[in-house]
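So the sequence lines, in the order shown, correspond to chains G and L.
Each residue of the first sequence is one higher than the one before, starting from 1 at the first, in my numbering.
Each residue of the second sequence is one higher than the one before, starting from 155 at the first, in my numbering.
Number of protein chains: 2
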Amino acid sequence: MSDERSPFTPRGSTDEVEEGPALAPKFDADGLVVCVATDTRSGDVLMVAHMNAEALRRTIATGQAWYFSRSRRTLWRKGESSGHAQRVVEMRIDCDQDAVWIKVEQAGGAACHTGRRSCFYRAVPLGAPAGAVTLEFRDAEKLFDPQAVYGNKS
Amino acid sequence: MSDERSPFTPRGSTDEVEEGPALAPKFDADGLVVCVATDTRSGDVLMVAHMNAEALRRTIATGQAWYFSRSRRTLWRKGESSGHAQRVVEMRIDCDQDAVWIKVEQAGGAACHTGRRSCFYRAVPLGAPAGAVTLEFRDAEKLFDPQAVYGNKS
Numbered sequence: 001m002s003d004e005r006s007p008f009t010p011r012g013s014t015d016e017v018e019e020g021p022a023l024a025p026k027f028d029a030d031g032l033v034v035c036v037a038t039d040t041r042s043g044d045v046l047m048v049a050h051m052n053a054e055a056l057r058r059t060i061a062t063g064q065a066w067y068f069s070r071s072r073r074t075l076w077r078k079g080e081s082s083g084h085a086q087r088v089v090e091m092r093i094d095c096d097q098d099a100v101w102i103k104v105e106q107a108g109g110a111a112c113h114t115g116r117r118s119c120f121y122r123a124v125p126l127g128a129p130a131g132a133v134t135l136e137f138r139d140a141e142k143l144f145d146p147q148a149v150y151g152n153k154s
Numbered sequence: 155m156s157d158e159r160s161p162f163t164p165r166g167s168t169d170e171v172e173e174g175p176a177l178a179p180k181f182d183a184d185g186l187v188v189c190v191a192t193d194t195r196s197g198d199v200l201m202v203a204h205m206n207a208e209a210l211r212r213t214i215a216t217g218q219a220w221y222f223s224r225s226r227r228t229l230w231r232k233g234e235s236s237g238h239a240q241r242v243v244e245m246r247i248d249c250d251q252d253a254v255w256i257k258v259e260q261a262g263g264a265a266c267h268t269g270r271r272s273c274f275y276r277a278v279p280l281g282a283p284a285g286a287v288t289l290e291f292r293d294a295e296k297l298f299d300p301q302a303v304y305g306n307k308s
């Protein structure tokens, strides 16, 4: 991109951050905000990931979801390996501006690296007797073969 | 609670964590997982917060949302000050088990401390020319007066 002027404003008072029109994200000690991606059609949560300032800037500028990998310490565009890109239909920011919600069109219909539509394919039973719980698989069909898509890159 | 046996299993291999039935959360360096709460009726994201092991354990045991405040360094039950509790209808955990999604019934209809239904009451315009962006208020009606509910407690 030729023009890289920042979309961000320095953080002001609590009232300015919560009630004002300026985008003033609160990046954490690692320079990140949390991002929740939901499916624009079903409304389901597809994944939760992180964005650093550059990922957030690129997502705003391009309408494609960019994230920052905490484990690999790298910026990545969703779908750059798998082809399963996310087109951002709407972006919201929360009251204290440390979390972002994006509603996306998920290419290939599957957001999770395991091949599932959503990363949240297991339910945690509630109110069970104390002790280890057993997760219940839900909507856990694999829409692609991760080995075929990612090869050995897990 | 009289019985406090842990619902958690030690983390195993990637395959066990991603494809297995054991709840083995990956708490970060601060001992936290991210939690996304959505409205069970509208599907909208209400808030994003964090849970430590105890908040997660209590939420599972009681079906009421408990969180851990990073700023106050305290465990809190959603609604303990405001009365706006969250009854958890379903809990999901993601592939690598470092994020939780809860679908909740929001008491009072408002999750945000500013009085709004959701914390995500401002949209970030996409694809705008570079430079500072102007947030757009959406669904930003205040359903309660935070001053009346919280008094001087921010």
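Built from N, CA and C at the ideal position, the CB exists for glycine as well.
Length of the line joining the Cα atoms of residue i and residue j
i	j	result
I102 (chain G)	C35 (chain G)	7 Å
G12 (chain G)	E19 (chain G)	11 Å
E54 (chain G)	A130 (chain G)	43 Å
T59 (chain G)	L280 (chain L)	8 Å
S154 (chain G)	P146 (chain G)	Any reading at S154 (chain G) must be qualified, since the residue scores a pLDDT of 44, below 50, and its modelled position is unreliable; no value is offered.
P164 (chain L)	D293 (chain L)	42 Å
R241 (chain L)	D252 (chain L)	22 Å
D372 (chain L)	T62 (chain G)	The question about residue 372 (chain L) has no answer here: the residues shown for chain L are numbered 155 through 308.
M47 (chain G)	T74 (chain G)	18 Å
S223 (chain L)	G43 (chain G)	27 Å
D39 (chain G)	V104 (chain G)	5 Å
A128 (chain G)	T168 (chain L)	26 Å
L23 (chain G)	A132 (chain G)	43 Å
E234 (chain L)	G185 (chain L)	22 Å
L297 (chain L)	P21 (chain G)	20 Å
A123 (chain G)	A277 (chain L)	30 Å
H50 (chain G)	V100 (chain G)	9 Å
W220 (chain L)	Y150 (chain G)	37 Å
A264 (chain L)	E295 (chain L)	10 Å
G262 (chain L)	A191 (chain L)	15 Å
S71 (chain G)	E16 (chain G)	34 Å
W230 (chain L)	R195 (chain L)	24 Å
V199 (chain L)	R5 (chain G)	30 Å
N206 (chain L)	S236 (chain L)	21 Å
Y121 (chain G)	Y275 (chain L)	28 Å
For residue j and residue i, believed in contact at Cβ under 8 Å, the rounded distance
i	j	result
C112 (chain G)	C249 (chain L)	6 Å
H84 (chain G)	Q106 (chain G)	7 Å
V33 (chain G)	L56 (chain G)	7 Å
Buried or exposed by the 16-neighbour rule on C-beta atoms within 10 Å, applied to residue i
i	result
K232 (chain L)	buried
G115 (chain G)	buried
F137 (chain G)	exposed
R246 (chain L)	buried
P179 (chain L)	buried
P7 (chain G)	buried
A148 (chain G)	exposed
L135 (chain G)	buried
R117 (chain G)	buried
Contact list for residue i against chain G, beta-carbon separation under 9 Å
i	result
A286 (chain L)	R5, S6, P7, F8, T9, A22 and L23
D248 (chain L)	V45, M47, V48, C112, S118, C119, F120, Y121 and R122
Listed by chain order, chain L residues near residue i by CB distance under 9 Å
i	result
L126 (chain G)	T213, I214, A215, T216, G217, V242, V243, E244 and M245
Closer than 8 Å at the beta carbon, the chain L residues around residue i
i	result
V36 (chain G)	V190, V199 and V202
L135 (chain G)	G174, P175, A176, L177 and I247
Contact list for residue i against chain G, beta-carbon separation under 8 Å
i	result
W230 (chain L)	Residues of chain G passing the Cβ test: none, with the nearest at roughly 15 Å.
Partner residues on chain L for residue i, Cβ-Cβ distance less than 7 Å
i	result
W101 (chain G)	V199 and F274
Residue i CB to nearest heavy atom of the ligand MG below 6 Å
i	result
D98 (chain G)	For the ligand MG, the structure offers nothing, since it holds no ligand at all.
Practice task
Kindly provide the ranges of any beta strand (DSSP E) runs that are 3 or more residues long and lie completely inside the stretch 40-71 of chain G, ordered along the chain.
Solution key: The stretch 40-71 of chain G contains these whole beta strand (DSSP E) runs: 45-52 and 66-69.
Handout entry: Whole runs of the beta strand (DSSP E) within the stretch 238-287 of chain L, excluding any shorter than 3 residues
Key = Taken in chain order, the complete beta strand (DSSP E) segments of 3 residues or longer contained in the stretch 238-287 of chain L are 240-247 and 253-260.
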